[in-house]
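19 is the number that UniProt numbering gives to position 19 of the sequence shown; each next residue is one higher, with no gaps. We put the beta carbon where it would ideally sit given N, CA and C, even for glycine. Keep in mind that this is a model prediction, so the values were computed, not measured. One structure below.
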Amino acid sequence: MKKLVVLVVLMAGISAIAQKPERERGHRGDMKDMSPEQIATLQTKQMTLALDLTDTQQKEIQSLNLENAVKRSEKMNEMKAKKESGEAKKLTSEERFAMKTAMLDHQIAQKEEMKKILNKEQYEKWEKMKKNREGHRKGRGMDDNDKRSGKK
Numbered sequence: 001m002k003k004l005v006v007l008v009v010l011m012a013g014i015s016a017i018a019q020k021p022e023r024e025r026g027h028r029g030d031m032k033d034m035s036p037e038q039i040a041t042l043q044t045k046q047m048t049l050a051l052d053l054t055d056t057q058q059k060e061i062q063s064l065n066l067e068n069a070v071k072r073s074e075k076m077n078e079m080k081a082k083k084e085s086g087e088a089k090k091l092t093s094e095e096r097f098a099m100k101t102a103m104l105d106h107q108i109a110q111k112e113e114m115k116k117i118l119n120k121e122q123y124e125k126w127e128k129m130k131k132n133r134e135g136h137r138k139g140r141g142m143d144d145n146d147k148r149s150g151k152k
């Protein structure tokens with residue numbers, strides 16, 4: 001009996017230690033407290049370090065990042081307001097299609113802008129970085145538990 005109690009306490013302790021605290025799961029939580037200007041500045045500095053941007057490129061990318069951060073912030077505030085007021089509703093397939101199309105159009109425009117700003121080598125590196133980020137995001141979906149348990 002004593003061994004069983006020790007074993008249960010040990011297992012509980014191990015499982016508690018194995019869980020990461022929320023603050024260590026990633027710094028995305030910090031981003032929601034930042035202004036669009038701060039987010040754009042951080043993104044630009046990260047890109048400058050990764051791609052060795054010139055001053056001119058930094059200014060152009062800062063402008064692009066700021067525009068995107070402002071739009072994203074406005075959209076998030078709009079969605080949050082709808083959710084709080086109870087206006088949020090399940091989208092129809094046409095609405096989802098329209099949103100997805102608009103998002104893809106924005107991504108295409110973004111890509112074209114980056115092609116104009118970056119040189120060929122920087123653009124290729126940016127594409128690789130983007131693919132890497134997208135790969136990391138795919139594992140964070142709702143079906144993440146299904147992947148671990150072997151379900152599809």
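Assigned with DSSP and collapsed to three states, Asn132 falls in helix. Distance from Ala40 to Leu4 at the Cβ level is roughly 57 Å; contact not present, criterion being Cβ atoms closer than 8 Å. Contact between the stretch 41–51 and the stretch 122–133 is present: 3 or more CB-CB pairs across the two stretches fall below 8 Å. For Asp105, the enclosing alpha helix (DSSP H) starts and ends at Ser93 to Ile117.
Between Ile117 and Gln57, the CB-CB gap stays under 8 Å.
A Cβ-Cβ contact shorter than 8 Å links Lys125 with Leu51.
Minimum Cα-Cα distance from Lys71 among the listed residues Glu37, Val9 and Lys120 corresponds to Glu37. Around the CB of Ala69, 16 or more other CB atoms lie within 10 Å, so the residue is classed as buried.
In its chain, beyond the 5 residues on either side, Lys82 have a beta carbon closer than 7 Å to the beta carbon of Ala88.
Under the three-state reduction of DSSP, Gly13 is assigned to helix.
In the DSSP assignment, Thr54 falls outside any alpha helix (DSSP H), carrying neither H nor E. For the pair Glu134 and Leu64, the CB atoms are not nearer than the 8 Å cut-off. When only Cα atoms are considered, Ile17 and Val8 end up about 14 Å apart.
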